[in-house]
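All remarks here apply to the structure that follows.
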Amino acid sequence: MERIKKGALWVFCEVQANELLPVGLQLLGRGKTLAEESNRPLYAVVLGKIPQESVKLLHASGADEVIMSVGAALEEKLEKPYADSLIALAKQFEPDILLVGATPFGRAFAPRVAAALQTGLTADCTELSIEEESGLLLQTRPAFGGNMMATIRTATSRPQMATARPGVLPLPEPMEVEDRDPVIIEDNGELSVVKLLKETAIERGADISQSKIIVAAGRGIGQKKNLKLVQALADKLGGAVGSTRPLVDMGFCPYSSQIGQTGYSVAPDLLICCGISGAVQHLAGIGGAKTVIAINTDPKAPIFAVADYKIVGDCVSVLENLIKALD
Amino acid sequence: MKIIVCMKQVPAAATASIDPLTKTIVRTGRNAVTNPFDLYALQTALDIKEGVGGTLTAITMGIPAAQKVLRDAISRGADDGAILSDRAFAGADTLATSYAISLGIEKLGGADLVVCGKMAVDGDTAQIGPELAQHLGISHVSDVTEILEMAEDHLVVRRVWDDIDQELYLPLPALITVAKGVNLPKLPTIPGMLRGRVAEIPTFTAEDLGADIARCGLKGSPTQVVRTFTPPVRGEAQEIEGNETQQAAKLAQIIREVLHGED
């Protein structure tokens, strides 16, 4: 297979309901820069058949080649057959870097690939870059304990594997490309013993990632009923309600509103943070915000370090007064 | 049915510290708790044991003090526990951890069903379950939200992902990871607590497991932290002062300027 070179940078591109998920394109966008910096080809990898227009979109998003594995075992998107297929491809073509979108499915199957190839896997990276002297992939994610980020390297094993959440990296502008065929590889993996009995799509509202005005709430909001104030301010400003992970975990807010490392990255013109302390995992998602206003009772809250304006006080009463003042 | 549940001791929220040399979490056993997701895993295993019969063993890897999570598991109804503990295991990333646990499960004679929590709240990777299934050569289903049917040779499970709701048939042997809300973990009973306190917990070292030392602990971990840093901060935030009404008026003014700044 002459078109596929060893030592390339691969991006696994997931398909859901016959559509390429944006996170694969986002990773291709970043992957193109990384591939150029380290002088490697960039390949998009898809498991299962996709239409030619999707192949073209992958090329237009920066892929030098599209590797498409097809076979009976890949008809249902399940952990083991998908992992087996990617493992077989990786053994055959030896990629140097393998990036996977941290969708629920990506998080469920990519670890199997890492275990089989006996390599490292860094989950939920918020930054990916190439180390100049070594050409290694630098994988940055929030570290547990303390308000810190950690940069991780996979020095001794290949491929270097990392995942990033959808929306953390920007979507690349599609380039003008000519129509080219994918490189089709026949998958001979075992059929899955796990069977999908039933599948229903759940209607999901728009997520927070594209909102230009965001009023976000954290644990300092106190009771669930206080979220009405957050919603009221967001409505008044024509914006959306954002949240932190604890609020989503407590069932106060939907996942589509969660901002941070394990939620969405946002880049609004205006971000109003209400009762958010500013854990590093949350801050990882708001780096692109233009103007940040933070309201928190704790004068030492880390959120103030990334704010343009601050009020030290209870966000509930500030919200009540602010809504009146905007009338 | 032979069920093994994987448990982890994690630092209680906000008490963790990082070793400056290895950049891994310092684990002292003080202020440590059972990973909350693992209590759902344990309850799932208990429910299945009750439903179809069998044995339930809890397994963990960690410092000797981490056997506390196994005593906790026994007090809640597990039959017994086993801890993998050895200096050689220290500093393990998910690859080295899942390798050691897979050997531990084999040492215990294997399992028909392995149950893990969806993730641990300290590392937050959700990787151990799938990696472990791969090492064991079995199928798995991640993020199970409901057990719909249980039998000697299979499970039917439900999982709800962002925008998709699935029902899956899973023949055993297999591994599942369970999400919060899959059940309501029950509290330990008094007789259970007594049993947990006196239970003999075997310790397995790397040698006991016949582990390849090159695949254990920090040495066997391909991912290495090269740098930790504090994220960059913006300049000093401007404090909005005054009484509440004055603050609100100033804030309203700032918001109007930001939103209509161009005109």
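So the protein sequences, as listed, match chains U and R.
All the letters of the first sequence, read from the start, carry residue numbers 61 to 387 under the numbering used here.
All the letters of the second sequence, read from the start, carry residue numbers 92 to 354 under the numbering used here.
No residue lacks a Cβ here, since even glycine has one placed at the ideal position from N, Cα and C.
Predicted, not measured: the structure shown is a model, and the values here were computed from it.
Ranked by Cα distance from A156 of chain R, the options R:A149, R:T148, R:V143, R:A123 are led by R:A123.
At a beta-carbon threshold of 7 Å, the residues of chain U lying near D234 of chain R are P164, A168, ordered along the chain. Annotated three-state conformation of M210 of chain R is coil, per DSSP.
The beta carbon of G338 of chain U sits closer than 6 Å to the beta carbons of A361, P362, I363 from its chain, once the five residues preceding and following it are set aside; these are given in chain order. For R250 of chain R, there is no enclosing alpha helix (DSSP H); the enclosing beta strand (DSSP E) covers residues 245-252.
Using a CB distance cut-off of 9 Å, V71 of chain U does not count as an interface residue toward chain R. Taking C-alpha positions only, K159 of chain R is separated from D244 of chain R by approximately 32 Å. About 7 Å separates the CB atoms of G208 of chain R and T268 of chain R; that is less than 8 Å, so the two are in contact. Three or more Cβ pairs closer than 8 Å define a contact, and the segment 286-306 of chain U meets that threshold against the segment 323-341 of chain U. The beta carbon of D241 of chain U does not come within 9 Å of any beta carbon belonging to chain R, so the residue lies off that interface. When secondary structure is reduced to three states using DSSP, E222 of chain R falls in the helix class. Under the three-pair Cβ rule at 8 Å, the segment 248-261 of chain R counts as touching the segment 229-238 of chain R. When rounded, the separation of the alpha-carbon atoms in A181 of chain R and T319 of chain R is 20 Å. S176 of chain R carries a coil assignment under DSSP once its states are collapsed to helix, strand and coil.
Within chain U, no C-beta atom comes nearer than 8 Å to that of Y131 of chain R; the closest sits roughly 13 Å away.
With 16 or more other CB atoms across the displayed protein chains lying within 10 angstroms of its CB, M221 of chain U is buried. Per DSSP, the continuous beta strand (DSSP E) segment holding G161 of chain U begins and ends at 157-161.
Along the segment 325-336 of chain R, the positions whose C-beta sits under 7 Å from a C-beta of chain U are R325, A328, Q329, E330, I331, E335, T336, read in chain order.
Within chain R, the residues whose beta carbon sits less than 8 Å from that of S377 of chain U are E335, listed in sequence order.
If you check the CB distance, A162 of chain U and A77 of chain U do not come in under 9 Å.
Per DSSP, the beta-bridge partners of A104 of chain U are U:V71, U:V126. Measuring C-alpha to C-alpha distances from K140 of chain U to each of U:G166, U:V115, U:E125 identifies U:G166 as the nearest. Residue pairing of Y369 of chain U in beta bridges, as defined by DSSP: U:I353, R:Q329. By the rule that beta-carbons nearer than 9 Å mark a contact, R172 of chain U touches chain R. If you compare the alpha carbons of R:Y131, R:V143, R:M98 with that of M92 of chain R, the shortest gap goes to R:V143.
In this model, I262 of chain U and D256 of chain R are separated by some 7 Å (Cα to Cα).
At a cut-off of 4 residues, the continuous stretches assigned as alpha helix (DSSP H) that sit fully inside the segment 146-218 of chain U are 164-176. Runs of alpha helix (DSSP H) with 4 or more residues, each lying fully within the segment 261-333 of chain R, are found at 281-289, listed in chain order. Linking L130 of chain R to V212 of chain R through their CA atoms gives a straight-line distance of about 12 Å. For S312 of chain R, at least one C-beta of chain U is nearer than 9 Å to its own C-beta. Contact check for L94 of chain U against C73 of chain U fails: the beta carbons are separated by 9 Å or more. Between L266 of chain R and G220 of chain R, the C-beta spacing is below 9 Å. Between T151 of chain R and N274 of chain R, the C-beta spacing is not below 9 Å. Exclusion of the five residues before and after I212 of chain U leaves T182, Q199 as the residues of its chain whose Cβ lies within less than 6 Å of its Cβ.
Within the same chain, and ignoring the five residues on either side of T321 of chain R in sequence, no residue has its Cβ closer than 7 Å to its Cβ.
As computed with DSSP, A187 of chain R is found in no beta bridge at all.
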